[in-house]
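A quick write-up on the structure given underneath.
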Amino acid sequence: MTPGPSWEDEFNDWYDREHIPLRMAVPGFASAQRYRIPGTLHYLAIYEMDSAEVLKSEAYTGLKNHPSERTARILRGVTGFTRYIGEQINVPGDTAPGAHRGRLVSMDAPHLYAVFFEVPADRERAFSEWYEQEHTPLLLQCPQWLMVRRFRLIGGEPKTWTHLALHYLSERRALVSGEHERARASEWRAKLAAESWFTPHCLVFDRFGPRQAGAREETPAY
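Take 6 as the starting number for the sequence shown in the working numbering and just add one per residue.
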């Protein structure tokens with residue numbers, strides 16, 4: 006969401022003190038973390054949920070369909086509204102001892118690199134094999150590249166992206182590291198990049214404010 010510059014402070018107050026807390030009270034919401042593209046008014050919130058079915062629950066639909074007067078007013082005023090629902094499909098090292106706690110720590114990294122793809126169904130296997138077997142392992146050789154989470158997008162707007170990768174970075178310089186350059190220069194990637202559909206959409210965010218937790222914070226699935 007992008008608020009108007011004259012009411013950015015009100016937008017942030019509403020998001021932190023009303024919008025997120027109401028959702029954290031809904032069963033199935035585990036946590037929420039906000040982000041912003043530095044130097045802009047472009048904000049992002051990532052909600053961790055037990056499953057996409059949470060969005061069909063009576064508790065959530067009642068909240069969404071009966072907004073407060075303030076919520077309705079603010080939502081009418083924001084621009085750039087974007088919303089995607091993703092099913093997590095891969096986190097490297099997911100079964101390692103202590104992996105759950107390590108993921109929660111990495112999820113609070115100060116920088117987030119989000120990469121969207123629209124992958125044809127007949128190329129999904131090849132895309133996933135490259136991302137999981139070569140691309141992610143090369144990136145994680147960089148000490149500042151903390152974690153990569155991959156999602157299959159099962160709904161959303163306004164674009165028709167099919168896949169999302171969330172990269173959690175301890176420092177922005179990871180994006181200009183030798184490890185990142187090697188990952189981008191591989192022959193395997195070059196073969197996929199030569200195909201017309203291979204047009205990643207990349208955004209870099211900084212963490213904005215603390216994570217807010219629901220009644221519990223388990224391993225996120227969505």
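A virtual CB, placed ideally from N, CA and C, is assigned to each residue, including glycine.
Remember, predicted model here, so these are calculated numbers, not experimental data.
Residue range 13-19 is occupied by the alpha helix (DSSP H) that includes Asp-18.
Residues Ala-57, Tyr-89, Ile-90 of the same chain have their beta carbon placed closer than 8 Å to that of Gly-160, with the five preceding and five following residues left out of the count. Beyond the five residues adjoining it in sequence on each side, Val-110 comes within less than 6 Å, by CB distance, of no other residue in the same chain.
Residue environment: Gly-33 is assigned as buried (16 or more neighbouring CB atoms within 10 Å of its CB, all protein chains considered).
Three or more beta-carbon pairs drawn from the region 196-214 and the region 37-44 are found closer than 8 Å, and the two stretches are therefore classed as touching. Close CB contacts of His-172 within its chain, under the 6 Å cut and outside five residues either way in sequence, are with Tyr-118, Val-153 (chain order).
Per DSSP, reduced to three states, the secondary structure at Glu-176 is coil, with no helix or strand assignment. Taking the C-beta atoms as reference points, Gln-149 is found nearer than 7 Å to Ala-179.
Annotation for His-24: no alpha helix (DSSP H) segment contains it, and DSSP assigns it neither H nor E. A direct Cα-to-Cα measurement between Thr-167 and Arg-22 gives close to 32 Å.
The C-alpha of Ser-182 lies about 13 Å from the C-alpha of Ser-175. Val-120 is positioned such that its CB atom lies closer than 7 Å to that of Ala-170. Cα atoms of Glu-184 and Asp-18: separation of roughly 39 Å, rounded to the nearest angstrom. Contact between His-116 and Arg-177 is confirmed by a C-beta separation of about 5 Å, below the 8 Å threshold. Around the beta carbon of Thr-141, 16 or more other beta carbons lie within 10 angstroms, which makes this residue buried. Of the candidates Ser-201, Ser-133, Pro-205, Ser-133 places its Cα closest to the Cα of Asn-95.
Looking only at Arg-187, Glu-192, Arg-75, the smallest Cα-Cα distance to Trp-12 is reached by Arg-75.
For Trp-150, no alpha helix (DSSP H) run applies; the uninterrupted beta strand (DSSP E) run containing it begins and ends at 150-162, by DSSP.
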